[in-house]
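What follows is a single structure, written as structure tokens, with notes after it.
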Amino acid sequence: MLTKYSWLAACLALALSLIGCGGDNKSAAPEAKNVFILARGSDAQKLDPADVDDGESVNTLAQVCEGLLRFKPGTLELEPWLAESFESSADGLTHTFKIRPGVTFHDGTPLTARTAAFSFQRQLDPSHPAHLPTASFVYWNYLYNDVEAVEVVDEMTLRFRLKQPNASILYSLAIFSAWLISPNTPVAEIPMRPIGTGPYQFDRWEKDQAVLLRRNPNYWGEPAHFERVILRAVPENTVRRLELEAGGVDAVDGLQPAEAIALADNPQFRLYRGPGMNVGYLSIQTENPKFADTDIRRALAMAIDREALVKLALDGAGVPASYPIPPGFLGEPKDAEPPFKYDPAAAKAILAQHPEFLKEPIVISTLTDSRPYFPDPQRVASMIRSDWEAVGLTVEIKSRDFKSHLQTLRNGDYECGLIGWVGDNGDTDNFLATFFHSRGTVKGSANNFAFYKNPQMDALLDEARRVSDPVARAKLYNEALAVWSQDLPIIPLVHAEQMVLMRSEVEGFVLSPTGNIFLGPVEWSAER
339 MLTKYSWLAA CLALALSLIG CGGDNKSAAP EAKNVFILAR GSDAQKLDPA
389 DVDDGESVNT LAQVCEGLLR FKPGTLELEP WLAESFESSA DGLTHTFKIR
439 PGVTFHDGTP LTARTAAFSF QRQLDPSHPA HLPTASFVYW NYLYNDVEAV
489 EVVDEMTLRF RLKQPNASIL YSLAIFSAWL ISPNTPVAEI PMRPIGTGPY
539 QFDRWEKDQA VLLRRNPNYW GEPAHFERVI LRAVPENTVR RLELEAGGVD
589 AVDGLQPAEA IALADNPQFR LYRGPGMNVG YLSIQTENPK FADTDIRRAL
639 AMAIDREALV KLALDGAGVP ASYPIPPGFL GEPKDAEPPF KYDPAAAKAI
689 LAQHPEFLKE PIVISTLTDS RPYFPDPQRV ASMIRSDWEA VGLTVEIKSR
739 DFKSHLQTLR NGDYECGLIG WVGDNGDTDN FLATFFHSRG TVKGSANNFA
789 FYKNPQMDAL LDEARRVSDP VARAKLYNEA LAVWSQDLPI IPLVHAEQMV
839 LMRSEVEGFV LSPTGNIFLG PVEWSAER
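Quick note: the sequence shown, position 524, residue 862 per our numbering, numbers continuous.
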């Protein structure tokens, strides 16, 4: 067995070999200064912006690809990016973008309205040559389904024409699923080799180990500061921490909060932390007859001590979740009692009326990888098991790696599943439509993991998306939350703080409300 220090030495040797720095120390040291290494809990899953929904894939693409719009760093305020300006019609049915001149993709293809349109038309049109049969295009199907056409007006003008008004469409055009790739990317390589316009360009991918990026020498904006960026997959929280302390990596995310907070007291490191636009929740497979009765789902919710989850599983770095949207989001009930409270006695009384439910064990499916909402998901599963056993249930836990777990949920092959969501665009629709709209129940590509179908919920969510007045939208979302609280297809558990830990010499990093990590502006301080 490797000791802690020999294991770290092996990891450092791997990092050096990945960046081509093996050999004598004289040549390695200068090169290493021009390399930035981020350790994260999992590897990327895919690298097609139109077909990803996991943080590791998104944060890889965040260095390589860009979109027409973006959120101003550190905020949810929209600003132009690859578009130099944009305007919307009074009726909300057309949105027109002036493309920024002088930008090229990493393969040398100029950015024009036509080359920008490619990334949207391939999602919109099932007959498009780049509409890959292996891609689910989940985001297009629920965020952009109101888009009727993407039109090239002239060489540098692109227009989106909608079937009906969509209050969140511009915000949705600022997220990763609307980031652009070169139309000259070989179709077979789209899932694995992104060709964008960003400050770094894709080099190679060592599966389950690292994604390697190199500086884009022709970047249209401020040039990146490192020759190379390495995004390493290091599943164990403790190992990521040890590598940071040993100098093998420059930044980590997904640490257990107590470890991150403790390291922040060391002047060698800096902790970036803030409220997370997320919710960690327990999804219930509502198609399973075992969970058909809403009283049973309510009893399961009332039996979970969410305060203890925050204290012990998040080390206090978060808040209990009363609703399936982050605190302060549009539609959150004000001055109202939460729809359920921790009450094991009441839960036990409800379950006593359903003796058949107590006969078979409940299976909790969970994941082994750290996530922003669950730094230690197996601890969360164990705590829920203890809570449920305390009210008379028998509970089993099945753990899988993140990729396998996600596919299990998408296929509906589970009973109760731990998962979470990090908001993309700051809009309530991005949470509630993801969790509850029936269009998200296609097995194999579902994002409504509960397979919950309620026409009343669908109607409320559809109407809220069409309405632009925030007061009217808030009322509709409030009604949608009332429907959810009656049916409880998912049980919100926690809202976790987001944390990224970097070496103190790092400058230029800004924590994003969406949880995206942008390394383009990052550099070493002059004192390094």
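Yeah, the Cβ is synthetic: ideal placement off N, Cα and C, and Gly gets one too.
Quiz item: Comparing alpha-carbon positions, which option in L582, V402, N616 lies nearest E835?
Solution: Comparing Cα positions, the closest option is N616.
Quiz item: Would the beta-carbon of I533 fall within 8 Å of that of H444?
Solution: Yes, these two residues count as a Cβ contact at 8 Å.
Quiz item: Which of the three DSSP states, helix, strand or coil, is assigned to L500?
Solution: The answer is strand: DSSP assigns L500 an E or B state.
Quiz item: Got a sec? Which residues, its chain only, sit under 6 Å from I513 by beta carbon, not counting five neighbours each side?
Solution: The answer, listed in chain order, is D762, N763.
Quiz prompt | Strand pairing of F607, partner residues [DSSP] | solution = Looking at the DSSP assignment, F607 forms a beta bridge with R841.
Practice problem: From the DSSP output, in three-state form, read off V567 for me. | Solution: In the three-state scheme derived from DSSP, where H, G and I count as helix and E and B as strand, V567 is classed as strand.
Quiz item: With a CB to CB cut of under 7 Å and the five nearest residues on each side skipped, what residues in its chain are close to K364?
Solution: Residue placement at K364 is flagged as unreliable, the pLDDT there being 34, under the threshold of 50; a coordinate-derived value is accordingly withheld.
Self-check item: Cβ pair G612, L849 closer than 8 Å
Solution: Yes, the Cβ-Cβ distance between G612 and L849 is below 8 Å.
Quiz prompt | DSSP three-state assignment for K371, whether helix, strand or coil | solution = Helix at K371.
Quiz prompt | Nearest-angstrom Cα separation, counted from A400 out to P368 | solution = Residue placement at P368 is flagged as unreliable, the pLDDT there being 39, under the threshold of 50; the coordinate-derived value follows with that caveat. P368 and A400 have their C-alpha atoms spaced approximately 26 Å apart.
Quiz item: Is it true that the CB of Y790 sits closer than 8 Å to the CB of T624?
Solution: Yes, the Cβ-Cβ distance between T624 and Y790 is below 8 Å.
Quiz prompt | Any 3 or more C-beta pairs closer than 8 Å across the region 587–600 and the region 377–386 | solution = Touching, per the Cβ criterion.
Quiz prompt | Burial state of L857, where buried means 16 or more other Cβ atoms lie within 10 Å | solution = Here L857 is buried, its C-beta having at least 16 other C-beta atoms within 10 Å.
Quiz item: Given 8 Å as the limit, is there contact between the region 646–663 and the region 821–834, that is, 3 or more CB pairs closer than that?
Solution: A contact is defined here as three or more CB-CB pairs under 8 Å, and the region 646–663 meets this definition with respect to the region 821–834.
Quiz item: To the nearest angstrom, how far is it from the Cα of I437 to the Cα of T495?
Solution: Rounded to the nearest angstrom, the two C-alpha atoms are 6 Å apart.
Quiz item: How would you label S520, buried or exposed, when you count the other beta carbons within 10 angstroms and need 16 or more for buried?
Solution: Its Cβ being crowded by 16 or more others within 10 Å, S520 is buried.
Quiz prompt | Pairwise C-alpha distance: L518 and A454 | solution = Cα-Cα distance, rounded: 6 Å.
Exercise. Report yes or no: do the region 719–727 and the region 765–779 share at least 3 C-beta pairs separated by less than 8 Å?
Key: With fewer than three CB-CB distances shorter than 8 Å, the region 719–727 does not count as touching the region 765–779.
Practice problem: Output yes or no for whether 8 Å exceeds the beta carbon distance between L414 and P808. | Solution: In this structure, L414 keeps its C-beta atom at 8 Å or more from the C-beta atom of P808.
Quiz item: Measuring CB to CB, does F435 end up less than 8 Å from L416?
Solution: No, they are not a contact pair.
Quiz item: At which residues does the beta strand (DSSP E) containing H466 begin and terminate?
Solution: Counting along the chain, H466 falls outside any beta strand (DSSP E), and DSSP gives it neither H nor E.
Quiz prompt | Per-residue burial, K384 [other beta carbons within 10 Å of its own, 16 or more giving buried] | solution = Flag for K384 reads buried.
Practice problem: Would you list, in sequence order, the uninterrupted beta strand (DSSP E) runs of no fewer than 3 residues that lie entirely inside the region 641–668? | Solution: Counting only unbroken stretches of 3 or more residues, the beta strand (DSSP E) elements lying wholly within the region 641–668 are 656–658, in sequence order.
Quiz item: For E801, which option in A788, R644, A818 has the closest C-alpha, if you only look at C-alpha atoms?
Solution: Comparing Cα positions, the closest option is A818.
Quiz item: Is D751 helix, strand or coil by DSSP?
Solution: D751 carries a coil assignment under DSSP once its states are collapsed to helix, strand and coil.
Exercise. Specify the secondary structure class of D484 as computed by DSSP and reduced to three states.
Key: Residue state, collapsed to three classes: coil.
Quiz item: Roughly how many angstroms lie between the CA atoms of P439 and T447, to the nearest whole one?
Solution: Approximately 12 Å, taken between the alpha carbons.
Quiz item: Just the Cα atoms here: how many angstroms apart are W419 and N604?
Solution: Cα to Cα, the separation comes out at about 37 Å.
Practice problem: Answer yes or no: do V373 and E565 have a C-beta to C-beta separation smaller than 8 Å? | Solution: Closer than 8 Å, so yes.
Quiz item: How should V718 be labelled, buried or exposed, when 16 other C-beta atoms within 10 angstroms of its C-beta is the threshold for buried?
Solution: Around the beta carbon of V718, 16 or more other beta carbons sit within 10 angstroms, so the residue counts as buried.
Self-check item: A630 - containing alpha helix (DSSP H), residue span
Solution: The continuous stretches of alpha helix (DSSP H) do not include A630, and DSSP gives it neither H nor E.
Self-check item: CA-to-CA distance, K686 to W478, given in whole angstroms
Solution: Roughly 43 Å between the two C-alpha positions.
Exercise. Give the single residue among H563, W558, N556, R531 whose Cα lies nearest to the Cα of L550.
Key: That would be R531, whose Cα lies nearest to the Cα of L550.
Practice problem: Tell me the start and end of each unbroken alpha helix (DSSP H) in the region 684–756 that is at least 4 residues and wholly inside, in chain order. | Solution: Segments of the alpha helix (DSSP H) lying fully in the region 684–756: 715–727, 740–749.
Exercise. Look at the alpha carbon of F667 and the alpha carbon of L696, and state the distance between them as a whole number of angstroms.
Key: Near 37 Å, if we compare the C-alpha coordinates of L696 and F667.
Self-check item: Residue range of the alpha helix (DSSP H) that includes A797
Solution: Where A797 is concerned, the enclosing alpha helix (DSSP H) starts and stops at 793–804.
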